[in-house]
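Chains as they are written, first to last, in this note's numbering: chain A, 316 to 717; chain B, 16 to 580.
Data block below; observations after.
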Amino acid sequence: MITRRSFLQASMMSMTAVAGQATIPQWFVRAASQESKKNKILVAVFQRGAADGLNMVVPFFEKRYYELRPSLAVQAPGRQNGAIDLDGRFGLHPALQTLKPFWDSGQLAIVEAAGSHDPTRSHFDAQEFMESGTPGLKDTEDGWLNRALTPIGPDASPVRAISVGSQLPRALKGSRGGVAVNNLQQFQFGNRDTAGILESMYTTTADSRLHEAGKRTFESVRMIESINRRPYTPANGAQYVGNFGRGLQQVARLIKADAGVEVAFADIGGWDHHSNEAGQLNNVLREFGSSIAAFVRDMGDRMQDIVLVTMSEFGRTVKENGNAGTDHGHGDVMFVLGAPVKGRSIYGRWPGLEPEQLFEQRDLAVTTDFRDVLGELVRGHLGLSGEQVFPGHTPGQPLGLL
Amino acid sequence: MKRLLFALGIVTLATAVPFLGIAAGRFDQKLSKDQQFAHALNRLTFGPRPGDIEKVRKMGVEKWIDLQLHPERLSENSILAAKLEPLETMQLAMWQILETYQRRPGPADFLKRVPAMALNTELTRLERQTILRGSPEEKMALLNSFDADRRRQIAASLPPDALAELPELRRESMALRQPPQFVNSELMEHKLYRAIYSNRQLEEVLVDFWLNHFNVFNGKGQGRFLLTSYERDAIRPLVLGRFKDMLLATARHPAMLYYLDNWQSQVPAEELPVQRPGPRRRPGLNENYGRELLELHTLGVDGGYTQQDVIAVARAFTGWTIRDPNRVAEYQFNPMMHDPKEKVVLGHTIPAGGDESDGLQVLDILARHPSTARFISKKLAQRFVADDPPQALVDRMAATFTKTDGDLREVLRTMFKSREFFSVGSWQAKLKSPLEMVVSAVRALDADAADVFALTQRIGELGQPLYGKAEPTGYPNTGEGWANTAGLLARINFASALVEGRVPGIRVAAIRFERKTPAAIAFELLSTPPSKQMEAALQAGLQNNQLTPATIASLVLASPDFQRR
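Encoded structure:
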């Protein structure tokens, strides 16, 4: 069996061979010299485009839900294509069936009516606010997930904070590291011989953006090249689905290589269903649910150290619009998944769907600030102060998710 | 290979690259003459070609800018016409594109579509190798040895990259196998040919800017068939005209009506005098276009509107729809769908009983609104001057906007004539987008683009799939969005692939770099002397490595210097 140490030592030798005179980074020497201390990991999933939380987790006990969504409502459990009953009041959309086992085993918790109190219905602003972690403030420079890291030290892993895709999300911007990886297999230089020359151009450039991005690029290429040399098959028959699944699989691979991932971010788009929502939502939920299920399966026992949380910039109108779709709303739903989670429970106060209970008489109200959910994970799981990550926010009543 | 040495003394082309950290007064310090030529080319074009600096120098930079502001006075490059000629869908009306390319291939087509099977059954191993990896001449010779039907069949079963040197066959095969993608691909190729070859460079830069401002996504259903006309009819002719005209043209174009769902938006169900039947298509308001019109197209998110304004605007545009979107795809106003009640938009009352005039009135209010003048001016200044442009400049541009009723040529003129534009604060302050990086590299190398299909794919890999931004925000207008690991790695790898001839369809004559010093190569590609950091890194590299002139060229294109403009 390959131990982590022998793998790292072997990698180190081949790294020296490949990289020539390039110095071996401190974090690598340290990692190779001691048995790994399994660190805690937080994985954030962003449903970009305003996911319809009311159809993800269906309040099938609400008469108003069926009145306001005559063509879009998911039927109650027991009916054809009905919701999957969770607690006699709420049910999962049938396309999320793959997540039900984690509810049953107590790893999946759901927070209802969660979101941002900022009233904006602009995708752009709301995503900005949710990712900066400072609703209403536009001049915050870094993202909440970047602040959920300790300050970067000399032995910090270059992939301590990763996102999947060709752009670094707002949530990961900041001084504490953060790399975007599109595809691990292709994350290497076409011409290795001249990489050193480019590295010195980028480490000396006066342009601070290119300097930072360059430094991270060269470090993470070295790291990922060493990981790529080891074959990878998802464990426990895990099957990732679609682009989102491929992304989560890259995260899984880095985590399993003990590369020092501390936080990860994955995007899944395609939720902005202003028309013909039913079929499209079904497809995107399937990709979403199956891929998260595959990730948990693939991680196996490692889920002891991992919490995965999902969010979207806002929910959608309770009432369906004229085109069998929904418009931009307010409150939404968040999933929290992992072995440390006290699952099999719906958290948050349900505000109700009667006209006077709705936000601006049209949308699900927000009763739990998304920062209370994330803050609890940051404190309880990562062991950091909530104030550091969400400055200026006074936490509400603890939810007790962990 | 011959080892090149840096002759340090000779290459110190004296230009102190301004230190980026000093903020005060940078927008007051003037650039040197030489820098002005390079700067104007970097901002008004997709990057200088060899010899461009000399042209600007001879003509004088002011006159050159003035000509770019009047593209109709510039004769077009004859090479461009030849490149565009085969693109058969570019002149078609929307109904023609729908009629020809929307259909799913029938059973008869299916035989012609035989996937990769044909390669294995029809060709010997040697032939397969030739057809997949041979030179264009070898491929052509082999294909010509077949009869026309067989040739078509083989071509249709090849991956597009394998035919990149044979654009006619590649197109024919794509049109046969993937008609919708073919339409889209032609639009992308058209964009790249123009960006690479057009003499009317500012016009191309502006088409790119405004298309991104009024973003429409090619991945949403029918939308891809409507984009050709959208760019050609609603954007291109109006980029130097009045803002209001482009706003109206986009508001009415089926591509926008479809993308932001307005074509389906109707008077709310409970307000209809008679309930119409049909469970799935019940009438109702759709706020999508109304919101983005305010937030992204005109006022800006902080432009001072409320949710009530969004609803009122959406109601004003009910009835702006598409006639038979699957076959005709024409704008029409349908009074049956319109909400005729009174609306209050940004404090203006639009009386009850209106029709199409309601939407027109909204566009008028928005086009004249001071927030719009500021929002558009700032966005233009971000594209042409700096990510964080001086407020005084934005104010002057906004004043021109207001005074001229949104004459975009005049707003641009105010900016180009400003001291901020030709200032140290503006010099190399912009990070190139993937499109700008790729096209500027092709132009700097004076490469021959025999087929740009592969190039369109590479731009996507760098993080900017053309016409492929799903969100109505469009791609980032500032550098923040483009400085990241995945994008940077892709840029570096693209640079070496391009110079080494590994981008199918693009031919680079690296011979012109032979016997030139690294500094001369860098100067030729950057149109300005390299930074001292880049020079030092190249010099150190030369001490440890044998670097061919082509390798040096690829290092220059991959350098931080070249990522900026």
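Just so you know, even glycine gets a beta-carbon here, dropped at the ideal spot from N, CA and C.
Fair warning: this is a prediction, and the values are worked out from it, not measured in the lab.
Endpoints, beta strand (DSSP E) assigned at D440(A): Counting along the chain, D440(A) falls outside any beta strand (DSSP E), though it belongs to the alpha helix (DSSP H) covering 438-447.
Are the CB atoms of Q482(A) and G478(B) nearer to each other than 8 Å? yes
How many angstroms separate the CA atom of H384(B) from the CA atom of L314(B)? 7 Å
Going by C-alpha distance, which of S433(B), I337(B), E91(B), L450(B) is nearest K45(B)? S433(B)
Under 8 Å between C-beta atoms, does F375(A) make it to chain B? no
Does the distance from the C-beta atom of G458(A) to that of R686(A) stay below 8 Å? no
Taking CB distances under 8 Å as the criterion, tell me whether G299(B) reaches chain A. At least one chain A Cβ lies under 8 Å of G299(B).
Those residues which DSSP pairs with M626(A) across a bridge: F361(A)
Interface residues of the stretch 490-516 of chain A facing chain B [CB-CB below 9 Å]: G493, V494, A495, V496, N497, N498, Q501, F502, Q503, F504, G505, N506, D508, T509, A510, G511, I512, L513, E514, S515, M516
Which residue comes first and which comes last in the alpha helix (DSSP H) that contains M189(B)? It spans 182-192 - the alpha helix (DSSP H) in which M189(B) sits, taken as one unbroken run.
For M351(B), count neighbouring Cβ atoms within 10 angstroms of its own Cβ and tell me buried if that reaches 16, exposed if not. By the 10 Å Cβ count, M351(B) comes out exposed.
Let me know if N598(A) comes out buried or exposed under the rule of 16 or more other beta-carbons within 10 Å of its beta-carbon. exposed
With H, G and I counted as helix, E and B as strand and the rest as coil, what does DSSP make of M649(A)? Shown here, M649(A) sits in a strand according to DSSP, grouped into three states.
At a Cβ threshold of 8 Å, is H438(A) touching chain B? yes
Per-residue DSSP class, three states only, for T336(B): strand
Can we say the stretch 326-336 of chain B touches the stretch 89-106 of chain B, given the rule of at least three CB pairs closer than 8 Å? no
Answer yes or no: does any C-beta atom of chain A fall closer than 8 Å to that of V328(B)? no
Please report how far the alpha carbon of R58(B) lies from the alpha carbon of R580(B), in whole angstroms. In a straight line, the C-alpha of R58(B) is about 7 Å away from that of R580(B).
Should M549(B) be flagged as near chain A, meaning a C-beta pair shorter than 8 Å? yes
Run through the DSSP bridge pairs and tell me what F580(A) is partnered with. Partner(s): A359(A), S478(A).
Which residues in chain A have a C-beta closer than 9 Å to the C-beta of V518(B)? List them in chain order. Chain order gives no chain A residues near V518(B), where near means a beta carbon separation below 9 Å; the closest approach is about 11 Å.
Which stretch, first to last residue, makes up the beta strand (DSSP E) that contains L407(A)? 405-407
With a threshold of 8 Å between beta carbons, is V457(B) in contact with chain A? With 8 Å as the cut-off, V457(B) does not count as an interface residue toward chain A.
Name, please, each residue of chain A whose Cβ falls closer than 7 Å to the Cβ of D276(B). H589, S590, N638
Along chain A, in chain order, which residues have C-beta atoms closer than 7 Å to that of T566(B)? T509
With a threshold of 8 Å between beta-carbons, can V409(B) be considered close to chain A, or not? Cβ-Cβ to chain A under 8 Å: no for V409(B).
To the nearest angstrom, report how far apart T519(A) and Q362(A) are at their CA atoms. 38 Å
List the endpoints of the continuous alpha helix (DSSP H) containing L423(A). L423(A) -> not in any alpha helix (DSSP H); beta strand (DSSP E) instead, spanning 423-430.
Which of helix, strand or coil does DSSP assign to A332(A)? Confidence at A332(A) is low in this model, with a pLDDT of 42, below 50, so the placement of that residue should be treated as unreliable; the coordinate-derived value is given next. Per DSSP, reduced to three states, the secondary structure at A332(A) is helical.
Cβ pair P269(B), L241(B) closer than 8 Å: Between P269(B) and L241(B), the CB-CB gap stays under 8 Å.
What's the gap between the Cα of A495(A) and the Cα of Q565(A)? 11 Å
Straight-line Cα distance separating G149(B) from A170(B): 14 Å
Determine, for G584(A), whether the minimum Cβ-Cβ distance to residues of chain B falls below 8 Å. At least one chain B Cβ lies under 8 Å of G584(A).
List the residues of chain B that L744(A) touches, going by C-beta distances under 9 Å, in chain order. The displayed coordinates of chain A run from 316 to 717. Any statement about residue 744(A) would go beyond what the structure contains.
Less than 8 Å between CB atoms is the rule here; does G66(B) satisfy it with respect to chain A? no
Determine the contact status of A525(B) and P564(B), defining contact as a CB-CB distance below 8 Å. yes
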